[in-house]
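What follows is one structure encoded as structure tokens, with my remarks underneath.
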Amino acid sequence: MSIEAQSNPCLVFFYKMKQKYQTFFILPEEKSYVRNIEQMQNGICCSTAQGWMLIVDQLGKHCFLFDPITMSKKDLPPLQQEAKPITYLLCTLSSSPTEEKCTVLCADIREELLFFCQFGDPEWTIYKYHPEPGNELSCIATCDGKFYGLTLQGNFTTIDCPPHPNINILEPTNAPWPIGTTSIASYLVESSGEIFLVERHVRASNSNKTTNISIMKRDSSRQAWDAVDNISRRVILLGSDHSSASWSANELGVKGDCIYFVEVEDKRLYCFDLEEGCISVDMPCLHVKPTGLTPIWILPAS
Numbered sequence: 001m002s003i004e005a006q007s008n009p010c011l012v013f014f015y016k017m018k019q020k021y022q023t024f025f026i027l028p029e030e031k032s033y034v035r036n037i038e039q040m041q042n043g044i045c046c047s048t049a050q051g052w053m054l055i056v057d058q059l060g061k062h063c064f065l066f067d068p069i070t071m072s073k074k075d076l077p078p079l080q081q082e083a084k085p086i087t088y089l090l091c092t093l094s095s096s097p098t099e100e101k102c103t104v105l106c107a108d109i110r111e112e113l114l115f116f117c118q119f120g121d122p123e124w125t126i127y128k129y130h131p132e133p134g135n136e137l138s139c140i141a142t143c144d145g146k147f148y149g150l151t152l153q154g155n156f157t158t159i160d161c162p163p164h165p166n167i168n169i170l171e172p173t174n175a176p177w178p179i180g181t182t183s184i185a186s187y188l189v190e191s192s193g194e195i196f197l198v199e200r201h202v203r204a205s206n207s208n209k210t211t212n213i214s215i216m217k218r219d220s221s222r223q224a225w226d227a228v229d230n231i232s233r234r235v236i237l238l239g240s241d242h243s244s245a246s247w248s249a250n251e252l253g254v255k256g257d258c259i260y261f262v263e264v265e266d267k268r269l270y271c272f273d274l275e276e277g278c279i280s281v282d283m284p285c286l287h288v289k290p291t292g293l294t295p296i297w298i299l300p301a302s
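Per UniProt numbering, the very first residue in the sequence shown carries number 1; after that it's consecutive.
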């Protein structure tokens, strides 16, 4: 099966900057395909849980949503901010971009900027927020058409759209920090209409690699977070850029209640089994050099 006929998530490995090839690894097949997709060259590629990629050049002059499976493209206004280079973007959509009222949300994490846009808008609405120390956004997500975020301190937030954009802190997640953990990479994940917090625990003594993964689910009625040991037989896919998504294990043809993740500058694919509590390793793209890789997940576009 080629990626053009693909209906399952793909893991995309990029070559070094300015090289023109990408390697698509298809999880259930355990096969890889090398492609030369011009739209994915020399720009920042941000995956979304809705399948579409946001692609923008570093000065923000050219910006569009792109589906690398069907090659569909939807142009957006320039994403510029006083001609500053864009270095670290996250993106999520309120719905499928085929819907008239779809809102695109981009977060420039380092500059503490949020960008909002609907198709047909002549320009982005830019919201500069001024958080207290520790309450800078670290990741964003969509659930039932609404935007949510997580701060560096682990506080859960809602994100209001224009005409009155705002970030509202609701409650702390109170996620634990295991003994020996050097750093934690956090992800907000929507799965079957529920919001999960997934955290990769990293230890310097283990070459700064992930040693464990914890997962919590939000109880909206209590505004509280509870540790869970299953995700209803689904799988969660974590990218190296704090992007994330969930998928049906049955559709993928893999074991459920597993979390697949990648490490920065690493050509391996890892799987954390929630039931067994262990990590397994696969090497999907042996021919890919690990230097400079930023692997991301691409889902079939909704």
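Here a beta-carbon is modelled for each residue, glycine too, at the ideal position from N, C-alpha and C.
Quick one: what's got a C-beta closer than 7 angstroms to residue i's C-beta in the same chain, skipping five residues either side?
i      : result
Arg233 : Ala249, Gly256 and Asp257
Cys102 : Leu93, Ser94, Ser95, Ser96, Gln118 and Phe119
Lys209 : Val202 and Glu263
Asp75  : Phe64
Pro68  : Ile37, Met40, Met53 and Ile298
Taking the alpha-carbon positions, what's the residue i to residue j distance?
i           : j      : result
Phe66       : Ser72  : 6 angstroms
Pro97       : Leu137 : 24 angstroms
Ile298      : Phe261 : 13 angstroms
residue 333 : Glu263 : The first residue shown for the chain is 1 and the last is 302, placing residue 333 beyond what the model contains.
Asp219      : Trp225 : 6 angstroms
Cys139      : Glu199 : 12 angstroms
Ile26       : Glu132 : 42 angstroms
Cys63       : Ser205 : 40 angstroms
Cys278      : Glu38  : 39 angstroms
Cys10       : Glu30  : 10 angstroms
Asn8        : Met40  : 20 angstroms
Tyr33       : His130 : 44 angstroms
Lys18       : Asn42  : Confidence is the limiting factor: at Lys18 the pLDDT is only 48, short of 50, which leaves the residue's position unreliable, though a coordinate-based value still follows. Going by the C-alpha atoms only, they are around 5 angstroms apart.
residue 306 : Leu54  : Outside the shown range of the chain, which is 1 to 302, sits residue 306, and nothing can be said about it.
Thr125      : Leu59  : 17 angstroms
Leu114      : Cys143 : 18 angstroms
Cys161      : Glu194 : 21 angstroms
Pro163      : Val189 : 26 angstroms
Val56       : Leu197 : 28 angstroms
Leu269      : Ser280 : 9 angstroms
Pro28       : Asp229 : 23 angstroms
Glu276      : Ala185 : 21 angstroms
Asp108      : Asp121 : 20 angstroms
Gly149      : Pro172 : 12 angstroms
Leu90       : Glu123 : 18 angstroms
Does the separation of the CB atoms of residue i and residue j fall below 7 angstroms?
i      : j      : result
Ala92  : Thr48  : It should be pointed out that residue 92 corresponds to Thr in this sequence rather than to Ala. Their beta carbons are under 7 angstroms apart, which means Thr92 touches Thr48 by this criterion.
Thr135 : Gln153 : For clarity, residue 135 is Asn in the given sequence; the question names Thr instead. It is a contact, given that the beta carbons lie within the stated cut-off.
Tyr13  : Pro295 : According to the sequence shown, residue 13 is Phe rather than Tyr. Yes, they are a contact pair.
Pro300 : Gly145 : no
Ser221 : Ile236 : no
Pro165 : Tyr127 : yes
Ile213 : Phe272 : yes
Gln223 : Leu274 : no
What are the boundary residues of the alpha helix (DSSP H) that includes residue i?
i      : result
Asn250 : Ala249 to Leu252
Can you give me the Cβ contacts of residue i inside the same chain, cut-off strictly under 6 angstroms, excluding the 5 residues immediately before and after it?
i      : result
Leu238 : Tyr187, Ser244 and Phe261
Phe147 : Leu105 and Ile159
Thr211 : His201 and Arg203
Ser240 : Val262, Val264, Thr294 and Pro295
Ile259 : Ile213, Ile236 and Phe272
Gln80  : Gly60
Cys45  : Met53 and Ile55
Ala227 : Met216
Output the boundary residues of the beta strand (DSSP E) element that contains residue i.
i      : result
Glu199 : Glu194 to Arg203
Glu190 : Ser183 to Ser191
Met216 : Lys209 to Asp219
Thr142 : Leu137 to Cys143
Trp52  : Trp52 -> no beta strand (DSSP E), and no H or E assigned at all.
Gln118 : Leu113 to Gln118
Tyr260 : Cys258 to Phe261
Thr103 : Thr103 to Asp108
Arg268 : Here Arg268 belongs to no beta strand (DSSP E), and DSSP marks it neither H nor E.
Lys73  : Ser72 to Leu76
Thr87  : Segment: none, Thr87 is in no beta strand (DSSP E) and carries neither H nor E.
Ile298 : Ile296 to Ile298
Lys255 : No beta strand (DSSP E) holds Lys255; DSSP gives it neither H nor E.
Lys31  : Lys31 to Arg35
Val12  : Cys10 to Phe14
Ile26  : Gln22 to Ile26
Val264 : Note, Val264: premise wrong, no beta strand (DSSP E); not H, not E.
On the DSSP bridge assignment, give the partners of residue i in chain order.
i      : result
Glu171 : Phe156
Arg234 : Ser248
Gly149 : Ile140 and Thr157
Trp124 : Partner(s): none; Trp124 has no beta bridge.
Arg222 : Paired residues: none, contrary to the question.
Val56  : Ile44 and Cys63
Gln80  : Note: Gln80 sits in no beta bridge, so no partner.
Could you name the residues of the same chain whose beta carbon sits closer than 8 angstroms to that of residue i, not counting the 5 residues immediately before and after it, in chain order?
i      : result
Arg110 : Thr87 and Tyr88
Ser191 : Ile231, Ser232, Arg234, Ile236 and Ser246
What do you reckon, is the C-beta of residue i under 6 angstroms from a heavy atom of the ligand ATP?
i      : result
Thr181 : Although the ligand ATP was asked about, the structure shown includes no ligands whatsoever.
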